[in-house]
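Note that the protein sequences, when read in sequence, are chains H and R. If you're matching positions, the first sequence starts at 0 in numbering that gives the first Met the number 0 and goes up one per residue. If you're matching positions, the second sequence starts at 0 in numbering that gives the first Met the number 0 and goes up one per residue. By construction, the Cβ of each residue, glycine as well, lies at the ideal position given by its N, Cα and C atoms. Have a look at the structure below, then the notes.
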Amino acid sequence: MQFGGVVAVNNLSLEVNRGEIVALIGPNGAGKTTAFNCITGVYEPTNGQVFFEDSLIVANHPRGKMKKAYQGMNSEKYLRTKTIAPTPDQITRLGIARTFQNIRLWKSMTVFDNVLTAKHMRARHNVFTATFRLSAAEERRMREETLALLEEQNLAQFKDELATSLPYGLQRRLEIARALATEPKLLLLDEPAAGMNPQETEDLGRFIVQIKEKYDLTIFMIEHHMDLVMRFSDRIYVIDFGKLIAKGTPAEIQANPQVIEAYLGVADDE
Amino acid sequence: MELRKNSKKDGLLTAAALILLFAVLLTMELTMKSTSILFTVLKKGVIYALVAVSMNLLNGFTGLFSLGQAGFMLIGAYTYAILTMPVAVKLSDSVYKYYDCAIGFELGILPSLILAGLIAAFFAALIGLPVLRLKSDYLAIATLGFAEILRAFFQWDAMGPVTNGANVMRQYKDLTKLRIPFTDIRFPPTLFCFLVSGICIAIIVLLINSSYGRAFKAIRDDEIAAEAMGINLFKHKEMSFVISSFFAGISGALLAMFQYTVQAAQFKSAMTYEILLIVVIGGIGSVTGSCIASFLFIACNEWWLRFLDESANNILGLNILRSGFRKVVFSVVIMIIVLFFSKGIMGEREFSWARLRAFFRDPFGLRTRRAKKAASGGEVNGNG
Numbered sequence: 000m001q002f003g004g005v006v007a008v009n010n011l012s013l014e015v016n017r018g019e020i021v022a023l024i025g026p027n028g029a030g031k032t033t034a035f036n037c038i039t040g041v042y043e044p045t046n047g048q049v050f051f052e053d054s055l056i057v058a059n060h061p062r063g064k065m066k067k068a069y070q071g072m073n074s075e076k077y078l079r080t081k082t083i084a085p086t087p088d089q090i091t092r093l094g095i096a097r098t099f100q101n102i103r104l105w106k107s108m109t110v111f112d113n114v115l116t117a118k119h120m121r122a123r124h125n126v127f128t129a130t131f132r133l134s135a136a137e138e139r140r141m142r143e144e145t146l147a148l149l150e151e152q153n154l155a156q157f158k159d160e161l162a163t164s165l166p167y168g169l170q171r172r173l174e175i176a177r178a179l180a181t182e183p184k185l186l187l188l189d190e191p192a193a194g195m196n197p198q199e200t201e202d203l204g205r206f207i208v209q210i211k212e213k214y215d216l217t218i219f220m221i222e223h224h225m226d227l228v229m230r231f232s233d234r235i236y237v238i239d240f241g242k243l244i245a246k247g248t249p250a251e252i253q254a255n256p257q258v259i260e261a262y263l264g265v266a267d268d269e
Numbered sequence: 000m001e002l003r004k005n006s007k008k009d010g011l012l013t014a015a016a017l018i019l020l021f022a023v024l025l026t027m028e029l030t031m032k033s034t035s036i037l038f039t040v041l042k043k044g045v046i047y048a049l050v051a052v053s054m055n056l057l058n059g060f061t062g063l064f065s066l067g068q069a070g071f072m073l074i075g076a077y078t079y080a081i082l083t084m085p086v087a088v089k090l091s092d093s094v095y096k097y098y099d100c101a102i103g104f105e106l107g108i109l110p111s112l113i114l115a116g117l118i119a120a121f122f123a124a125l126i127g128l129p130v131l132r133l134k135s136d137y138l139a140i141a142t143l144g145f146a147e148i149l150r151a152f153f154q155w156d157a158m159g160p161v162t163n164g165a166n167v168m169r170q171y172k173d174l175t176k177l178r179i180p181f182t183d184i185r186f187p188p189t190l191f192c193f194l195v196s197g198i199c200i201a202i203i204v205l206l207i208n209s210s211y212g213r214a215f216k217a218i219r220d221d222e223i224a225a226e227a228m229g230i231n232l233f234k235h236k237e238m239s240f241v242i243s244s245f246f247a248g249i250s251g252a253l254l255a256m257f258q259y260t261v262q263a264a265q266f267k268s269a270m271t272y273e274i275l276l277i278v279v280i281g282g283i284g285s286v287t288g289s290c291i292a293s294f295l296f297i298a299c300n301e302w303w304l305r306f307l308d309e310s311a312n313n314i315l316g317l318n319i320l321r322s323g324f325r326k327v328v329f330s331v332v333i334m335i336i337v338l339f340f341s342k343g344i345m346g347e348r349e350f351s352w353a354r355l356r357a358f359f360r361d362p363f364g365l366r367t368r369r370a371k372k373a374a375s376g377g378e379v380n381g382n383g
């Protein structure tokens, strides 16, 4: 992925297997969120491909002006494949949901409506049946499922409050609940523990494992809290300046001198 | 359970209020002189209420700052006029003086109303394809531009056989010949406008409260989050744009019906600004706000402030009251509203019986304020 003259993510190859919790770590500005945005269709990658459940969902190679300007690696590798550039909603429809680094709840809506609106995509209705209440059964089902989901997440007591009036930790949890409402198979969490204290982080880790089991999810997350990453993830990828510098189990990563140099040395300052 | 009982009661209350409104309108129209200014204000008010609500669907609920409303009203008005004009009139020289009319048929009032909406919606779908990829101010400029292009297109000489060029359209069907079913009484035109607009506004409200309405609000609140949650931005924006234009087209047709004449020159961008003003005064994102503001706006503009324009009303020998002074006072009124109700009369809220009851129990929150004061005072004492 190249922005102007900056190659934000270069020759990054990741693999997330079904049922795993995989973490992506790296210092600030390493390109973690950019990688997320390439997967979820927010950005069109300059050069590269994304596979999901054995099918190619995103593909691109340098075109037009970018052909000359491209400074990343593998500039020839994907030339043969056709460009596939889905919009984020199409990606979500395939079963990849995400949360955001800076919370993006719908601020004028209640907690309940936030989750209910996320169910809109999977609902079987069209604008006529929805307007004239011909699909009332569908609407009732959506409402029941929303309530059940909120109860599971212990958010039911806040359901009629404005989403933005919740305390910060609960807003994060609501964002995850909203992502779950789209019925994903792969959940991408962008710094779910940002701004949380150690106790909250610990709770969040258990919560992530719990929803993973319950909804049969695969989880791929960006995180800065090392205790969360080391305790709860199965595998870790480390990137720095857009390049992969290490991958492996938490134990392997902790022992990797390159990682310690690039990342963990800095982590103490946080 | 309590809540549900209340909402049922409120529903009945709303229905009763509406029936009462229609009954009052009917008796008024059957007993009073039909040329009364009151009816003009009511008719124009309810037509503007419909177009303001349709604009609010776009600007307030979907967050698309579009200024094309007058253009779509123009399409609706012309479609209605062309379709309902009797063939005999089309063939004679009385309207199509310089052109030979190309439309050789006529339709009834109701099908023409619906077609007026559909053709406006069709144009909106075409215009929406390029325009809806733009955001905020750029979208406003582009839609405004398209509305002006539409006006020019309808006045174009080559379109003469259809639109009669820049000349006035008249002698099309209005409600003078329509009778109340099974009687010989003329169908009251104000009641008709209220019925059609009421049904249209009800449909818009149903849409806003449906799953699609929530998706529109999600787009307004945060486009990126909406897209990430699987809401197709373009599809939903186009849908909102087309539906809004459909109802703008119908309101244009109603306007043509009530004015008896229609001319493209009337649908200038100034008209869109009037509607925008109504939406802003009523509260962006409030349907009832748009309706209330529409009646207030039309009543002030056409009726209540008229006396300011007549120099005969000057007192104490001052010569300030003259033609145009009304506009000065009107601007001041609007400035005051915008300054003191910065979110419009209703803000983002809707009218509800519960709020009305609360208001009568405790007007302007005086009692709550006093109670709060007492409570905080007590606390201070307790601490002391």
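Nearest to residue 60/R (by Cα), restricted to the options 188/R, 329/R, 282/R:
Distance check between residue 60/R and each of 188/R, 329/R, 282/R places 282/R closest, using alpha-carbon atoms only.
If I follow the unbroken alpha helix (DSSP H) through residue 168/H, where does it start and stop?
167-179 is the span of the alpha helix (DSSP H), which, as asked, contains residue 168/H.
Can you have a look at residue 107/R and say buried or exposed, based on whether 16 or more other CB atoms are within 10 angstroms of its CB?
With fewer than 16 other beta carbons inside 10 angstroms of its own, residue 107/R counts as exposed.
Residue 253/H - containing alpha helix (DSSP H), residue span:
Per DSSP, residue 253/H is one residue of the alpha helix (DSSP H) stretching across 249-254.
Is the shortest distance between the beta-carbon of residue 120/H and the beta-carbons of chain R less than 9 Å?
Interface residue, yes.
Apply the 10 Å Cβ neighbour rule to residue 226/H and answer buried if 16 or more other Cβ atoms are within range, or exposed otherwise.
Sixteen is the threshold: since fewer than 16 other Cβ atoms of the shown chains lie within 10 Å of the Cβ of residue 226/H, the residue is exposed.
Go through the stretch 90-141 of chain H residue by residue and report every complete run of the beta strand (DSSP E) that reaches 3 residues or more, in order.
If we require 3 residues or more, the beta strand (DSSP E) runs fully inside the stretch 90-141 of chain H come out as 95-97.
Just to confirm the assignment, what range does the beta strand (DSSP E) spanning residue 234/H have?
Here the beta strand (DSSP E) through residue 234/H covers 234-239.
What is the DSSP secondary structure of residue 260/R, counted as helix, strand or coil?
If DSSP states are grouped into helix, strand and coil, residue 260/R belongs with the strands.
Any C-beta of chain R sitting closer than 9 Å to the C-beta of residue 89/H?
Under the Cβ distance rule, residue 89/H counts among the residues neighbouring chain R, one pair being separated by less than 9 Å.
Hey, does residue 238/R have any beta-carbon neighbour from chain H nearer than 9 Å?
With 9 Å as the cut-off, residue 238/R counts as an interface residue toward chain H.
Range covered by the alpha helix (DSSP H) that runs through residue 65/H
It spans 65-68 - the alpha helix (DSSP H) in which residue 65/H sits, taken as one unbroken run.
Going straight from the alpha carbon of residue 194/R to that of residue 136/H, what length do you get?
The C-alpha of residue 194/R lies about 30 Å from the C-alpha of residue 136/H.
Short Cβ contact (9 Å threshold) for residue 247/R with residue 71/R:
The answer is yes: Cβ separation under 9 Å.
Terminal residues of the beta strand (DSSP E) in which residue 47/H lies
DSSP places residue 47/H inside the beta strand (DSSP E), whose first and last residues are 47-51.
Name the chain R residues whose beta carbon is nearer than 8 Å to that of residue 108/H?
Taking a Cβ-Cβ threshold of 8 Å, the residues of chain R close to residue 108/H are 213, 216, 217, 220, in chain order.
Who are residue 59/H's beta bridge partners in DSSP?
DSSP lists 47/H as partners of residue 59/H.
By Cβ distance, which residues of its chain are closer than 6 Å to residue 86/H, with the 5 residues on each side in sequence left out?
Within the same chain, residue 86/H has close Cβ partners 40.
6 Å CB neighbourhood of residue 298/R in its chain, flanking five on each side removed
If you ignore the 5 residues before and after residue 298/R, its C-beta comes within less than 6 Å of the C-beta of 40, all in its own chain and listed in chain order.
May I ask you to report which of helix, strand or coil DSSP gives residue 214/H?
Here residue 214/H carries a helix assignment [DSSP, helix/strand/coil].
Bridge partners of residue 1/H, per DSSP?
BP columns for residue 1/H point to 6/H.
Given this structure, state the Cα-to-Cα distance separating residue 95/R from residue 189/R, to the nearest angstrom.
The straight-line gap from Cα to Cα measures roughly 29 Å.
Return the residues of the stretch 92-105 of chain H that lie within a Cβ-Cβ distance of less than 8 Å from chain R, sorted by chain order.
Legend: CB atoms of the stretch 92-105 of chain H lying less than 8 Å from CB atoms of chain R belong to residues 92, 96, 97, 99, 103, 104, 105.
When DSSP labels each residue in this structure, what does residue 342/R get in the three-state scheme?
In the three-state scheme derived from DSSP, where H, G and I count as helix and E and B as strand, residue 342/R is classed as coil.
Partner residues on chain H for residue 41/R, Cβ-Cβ distance less than 7 Å
Residues of chain H passing the Cβ test: none, with the nearest at roughly 27 Å.
Take residue 125/H as the anchor and find which of 211/R, 62/R, 111/R, 225/R has the nearest alpha-carbon.
Taking the Cα of residue 125/H as reference, the smallest distance to any Cα among 211/R, 62/R, 111/R, 225/R is reached at 211/R.
Would you say residue 218/H lies against chain R (beta-carbon separation less than 9 Å)?
Closer than 9 Å: no.
Beta-carbon of residue 33/H versus every beta-carbon of chain R: anything under 9 Å?
Closer than 9 Å: no.
Have a look at 268/R, 265/R, 168/R and flag the residue whose alpha-carbon is nearest the alpha-carbon of residue 81/R.
Among 268/R, 265/R, 168/R, the Cα nearest to that of residue 81/R is on 168/R.
Would you kindly work out how many angstroms separate the C-alpha atoms of residue 49/R and residue 30/H, rounded to a whole number?
Inter-residue distance for residue 49/R and residue 30/H is about 50 Å (C-alpha atoms, whole angstroms).
Leaving out the 5 sequence neighbours to the left and right, which residues in its chain are closer than 7 Å to residue 192/H when beta-carbon positions are compared?
Contacts found: 200, 203, 222, 224, 227.
Should residue 231/R be flagged as near chain H, meaning a C-beta pair shorter than 9 Å?
It does; some Cβ of chain H falls within 9 Å.
Hey, could you find the ends of the beta strand (DSSP E) residue 188/H is sitting in?
Per DSSP, residue 188/H belongs to the beta strand (DSSP E) from 185-189.
Residue-level contact to chain R via CB, residue 0/H, 9 Å cutoff
Judged by the 9 Å Cβ criterion, residue 0/H is not in contact with chain R.
Distance between residue 113/R and residue 223/R (C-alpha atoms, nearest Å)
Residue 223/R and residue 113/R have their C-alpha atoms spaced approximately 36 Å apart.
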